[in-house]
Structure formats: structure tokens, C-alpha cells
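Participant: The structure that follows is given in the form of C-alpha cells.
Okay, structure coming up:
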């Protein structure tokens, strides 16, 4: 792609939900309005070449190769968390917790991360299996799960992020009062709900499993919550998929615009 990417093209081809990540062709050029749109939505921009390498622009807008998850362009020396000594040759029993810390593969934090990885894999599969109306939702869920993985891997706070324009508070309200906002009451999954609801329920339960493992890792025995941002994000993602399930069985499913209108109405 040698043409300029415009604001119109971005709106037509991406959800542009705040706080998400967007991948563009490596040779893409952005119009000023397109770049302003991406920056205003706090989108992380990466450029992807034909060999699968990812780049970000430096201060002079020159492409710099980075790690796909951490966005880092450095390779720090990793040390064993237990003995604090540099790991020159990585044994099969150790793996990275962060870029500079290695832990035993029995570490519970890796169990959480593996389940999070499974949730991402299931989301990608549903992106292939489910029809177009669900694609914006699934794209943002995939992005949010990836950002959770990134925040855990680099030990940084997890920024706020909307799903199809709905914030965490709105998603919480929808999942707790579906009859009021979605024209369908709470449901217990069953075969009569159909294929979409069944597939979405697989994702919902995987996200819940990930949340419970996160609680085991990030809530101490004295009930100190180490990563409330990650725990809340996973909880709201579970709510999001539940909302999708309800929309999938509703006789006349509402659009996101209609849902937002109802959320803005006074009781």
C-alpha cells in the first residue's frame, strides 16, 4: 500500500475503540486527520511488513522494529527470580515472566498467563467462525485481552479501553439489567439458543476461568489486591460476552447505537 490512509478509511476498516492497538501496512502513510484521529483515541499504532515484523515510529517518525507484545526495541539480560543471577543459557524448566526476569514454569503466574493465552486463541477462532455483526465486538475483546497480557508482562497499569464504544460501567449495567436495556431477560445457556450463543458461551466461561486464576495470583492471603485493574477488566469482559449472548437470542437485537441511547435515558 503506497496510498495515504485517510480518516474515512480508518473508520470503515477498524473499530477505533479507545485504548486498543491497530496494525497498518509497513509502507502506509497517514494523512494528518487520520493520525490525529488515532492519537485522539489513544490507539497504539504498529506497522506490519510482509515478513510479519512489527514497527513503531520513533520521535522522527522513522520505523523502529519492536517486540509484538511489549513494543520494546531492547533485549535486556534476563535473571533468575530466585537466585538473581543472569541466565546465560535458558533451561527448559525456566521461562520469562518479564523481559528481565525468569521463573520456574510451575509458577502460578504462568498458569494465569497460559489461560489468558487460551482465551485469546478462542476469541480469534470465534472471529473466524461468527458472522459480521459480531466482528467489532470480537475485535475489541481480542484487543483487550492482548492489552491485559501486555500489562501483566511489562508490569504496567492497564489503561481504560471501551468495547464497541461501551465503557466498563455501561457493560456492567447491561449485564445486570438486560431486560431493561436489551429487551431480553437473563438466560441460562441451552441448545435451543443456537450456535452463536453456544460459541459465545465457550468464550464467556474461558474468560471467567481466566478471571478466577487471576484472583488466585493477584489477591494475597491477607486479601490485598495486587492488580485490581486486571481483575476488573476480566470481569467486565465476561459481562461483555454475556451481553453478546443475550443479543444473540433476542427476537429483535438492538444495535450498539440503540443500546447507547437507552443507557443515556433517565430511569
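Numbering (the numbering used here), first residue to last: 206 to 472.
C-beta: ideal position from N, C-alpha, C; glycine also.
In this text, all values refer to a predicted model and were calculated from it rather than measured experimentally.
Please state the DSSP three-state secondary structure of residue 502.
Facilitator: In the structure as shown, the chain begins at 206 and stops at 472. Residue 502 is therefore absent and cannot be evaluated.
Participant: Which residue marks the beginning of the alpha helix (DSSP H) containing residue 422, and which one marks its end?
Facilitator: 400-423
Participant: Candidates 308, 417, 434, 405: which alpha carbon is nearest residue 363's?
Facilitator: The residue with the shortest Cα to Cα distance from residue 363 is 434.
Participant: Should residue 419 go down as buried or exposed, given a rule of 16 or more other Cβ atoms within 10 Å for buried?
Facilitator: buried
Participant: Using C-beta distances below 8 Å, list every residue in its chain close to residue 394, excluding the 5 sequence neighbours before and after it, in chain order.
Facilitator: 402, 403, 406, 450
Participant: In whole angstroms, what is the alpha-carbon distance linking residue 391 and residue 397?
Facilitator: 15 Å
Participant: Output the boundary residues of the alpha helix (DSSP H) element that contains residue 465.
Facilitator: That run of the alpha helix (DSSP H) goes 461-469.
Participant: So, is residue 428 buried or exposed, given that buried needs 16 or more other C-beta atoms within 10 angstroms?
Facilitator: Residue 428 is exposed by the Cβ-count criterion.
Participant: On a CA-only basis, which of 239, 459, 295 is nearest residue 305? Give me that one, please.
Facilitator: Among 239, 459, 295, the Cα nearest to that of residue 305 is on 295.
Participant: Would a C-beta distance cut-off of 7 Å place residue 353 and residue 438 closer than the cut-off?
Facilitator: yes
Participant: Contact check, residue 379 vs residue 387 under 8 Å by CB: the rounded distance?
Facilitator: So it is a contact: roughly 6 Å between Cβ atoms.
Participant: Could you check the C-alpha separation between residue 242 and residue 389 for me, to the nearest Å?
Facilitator: 36 Å
Participant: For a quick check, are the C-beta atoms of residue 415 and residue 324 less than 7 Å apart?
Facilitator: Yes, the pair counts as a contact, with Cβ atoms nearer than the cut-off.
Participant: Taking the CB atoms as reference points, tell me whether residue 443 and residue 400 lie closer together than 7 Å.
Facilitator: no
Participant: In its own chain, which residues sit with a C-beta less than 8 Å from the C-beta of residue 239, not counting the 5 before and 5 after it?
Facilitator: 209, 210, 211, 212, 214, 215
Participant: What residues in its chain sit with their C-beta under 6 Å from that of residue 373, if we drop five residues either side in the sequence?
Facilitator: 441
Participant: Measuring alpha carbon to alpha carbon, tell me which residue in 346, 237, 256 is nearest residue 169.
Facilitator: Residue 169 lies beyond the stretch modelled for the chain, which goes from 206 to 472, so this question has no answer here.
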